[in-house]
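I have placed the structure first, in the form of structure tokens, so that the comments after it can refer back to it.
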Amino acid sequence: MWRVIADYHTHTVYSHGEGTIMENARAALDQGLEVLGIADHGPANWGHIATTDLQTFDKIMAEARQVQAELSGLTILAGAEANLISYDGDLDIPPELQKRLDQVLAGFHVTIRPKTLGDGVKFAAQWTLGKLSAREHRKARNDNTKAMVEAVYKNKIDIITHPGLNISIDTSELARACVKRDTALEINAKHGVKSIEFIRAAAKEGARFAIGSDAHQPDKVGRLEPGLRAARAAGLHPDQIINVRDE
Ligand SMILES: [Zn+2]
Ligand SMILES: [Zn+2]
Numbered sequence: 005m006w007r008v009i010a011d012y013h014t015h016t017v018y019s020h021g022e023g024t025i026m027e028n029a030r031a032a033l034d035q036g037l038e039v040l041g042i043a044d045h046g047p048a049n050w051g052h053i054a055t056t057d058l059q060t061f062d063k064i065m066a067e068a069r070q071v072q073a074e075l076s077g078l079t080i081l082a083g084a085e086a087n088l089i090s091y092d093g094d095l096d097i098p099p100e101l102q103k104r105l106d107q108v109l110a111g112f113h114v115t116i117r118p119k120t121l122g123d124g125v126k127f128a129a130q131w132t133l134g135k136l137s138a139r140e141h142r143k144a145r146n147d148n149t150k151a152m153v154e155a156v157y158k159n160k161i162d163i164i165t166h167p168g169l170n171i172s173i174d175t176s177e178l179a180r181a182c183v184k185r186d187t188a189l190e191i192n193a194k195h196g197v198k199s200i201e202f203i204r205a206a207a208k209e210g211a212r213f214a215i216g217s218d219a220h221q222p223d224k225v226g227r228l229e230p231g232l233r234a235a236r237a238a239g240l241h242p243d244q245i246i247n248v249r250d251e
């Protein structure tokens with residue numbers, strides 16, 4: 005029997021989620037979870053998706069501690085879903101803040117404010133990926149992979165969120181870096197997994213996975229069924245999934 009013990013990827017009203025930390029926490033307890041991760045978007049996303057500023061994460065940490073003290077039986081990890089903001093692997097959550105957070109998730113979102121104009125041009129190219137020539141597509145894929153691998157080495161990332169969503173990436177190469185840095189790859193239950201092949205390719209390199217709900221509403225917290233199905237279909241063992249136990 006597989007038992008899900010944690011959902012590390014949930015959003016709250018601090019970015020564009022609809023629930024408070026307390027509401028997500030109650031939902032997590034209802035789902036029988038032991039650990040809830042708060043992973044609000046970093047400040048580089050566009051508009052209402054983003055957190056207002058880096059100070060917001062201090063508020064999230066304080067509130068998470070308070071909610072955890074009020075409820076029993078739930079550990080709350082205060083964290084972020086950071087954005088890749090440059091092709092050199094920089095994140096919009098600086099290393100100093102990464103150290104203070106309980107968890108750092110990081111994802112490649114195309115709709116962000118890039119670090120430099122040059123990075124912006126490359127991010128924008130992702131929008132037109134389908135129209136690129138085979139050669140340009142290959143180059144974009146190389147650039148994306150290199151950027152994510154740099155990010156994995158430059159930062160202390162616990163989980164890479166939805167790898168390959170809206171971008172083209174070399175899964176095996178990213179997985180090899182993640183294995184060296186003890187970074188898990190997410191199987192995202194909200195966006196779905198494009199291919200079981202992605203999981204198989206990463207597993208072959210020895211990668212570990214985290215199944216995340218990417219919940220933006222409390223009633224989605226801990227709802228990991230599509231991710232669990234994909235993990236099973238790919239032949240994963242619970243040992244390979246950091247938030248699942250075999251009981
Ligand atoms: Zn979001
Ligand atoms: Zn995301």
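For the sequence shown, my numbering assigns the number 5 to the initial residue and increments by one for each residue that follows. We put the beta carbon where it would ideally sit given N, CA and C, even for glycine.
Quick check on V156: buried or exposed, where buried means 16 or more other Cβ atoms within 10 Å of its Cβ?
buried
In the DSSP assignment, find the beta strand (DSSP E) that holds I191 and state where it starts and stops.
188-192
Bounding residues of the alpha helix (DSSP H) (the contiguous stretch that carries F202):
200-208
Taking 8 Å as the threshold (C-beta atoms), are E27 and L78 in contact?
no
For the candidate residues R117, H141, I97, Y18, whose alpha-carbon lies nearest to that of T55?
Y18
Does the distance between the C-beta of I116 and the nearest non-hydrogen atom of ligand 1 fall short of 7 Å?
no
Within 10 angstroms of its Cβ, does Q70 collect 16 or more other Cβ (buried), or is it exposed?
exposed
Does the beta-carbon of H166 have 16 or more other beta-carbons within 10 angstroms, so that it is buried, or is it exposed?
buried
Using a Cβ-Cβ cut-off of 7 Å (strictly less than) and excluding sequence neighbours within five positions of V183, which residues of its own chain qualify?
E209, G210, A211
Give every residue of the same chain whose Cβ lies closer than 8 Å to the Cβ of R30, excluding the five residues on either side of it in the sequence, and list them in chain order.
L75, P222
Buried or exposed, going by whether 16 or more other CB atoms sit within 10 Å of the CB of S199?
exposed
Would you say the beta carbon of H166 is closer than 7 Å to some non-hydrogen atom of ligand 1?
no
Verify the contact flag: I53, CB atom, against every heavy atom of ligand 1, threshold strictly below 7 Å.
yes
Taking the CB atoms as reference points, tell me whether A48 and R117 lie closer together than 8 Å.
yes
Every unbroken alpha helix (DSSP H) inside the region 76-131 [4 residues or more]
99-104, 121-129
How about E22: is its Cβ closer than 7 Å to a heavy atom in ligand 2?
no
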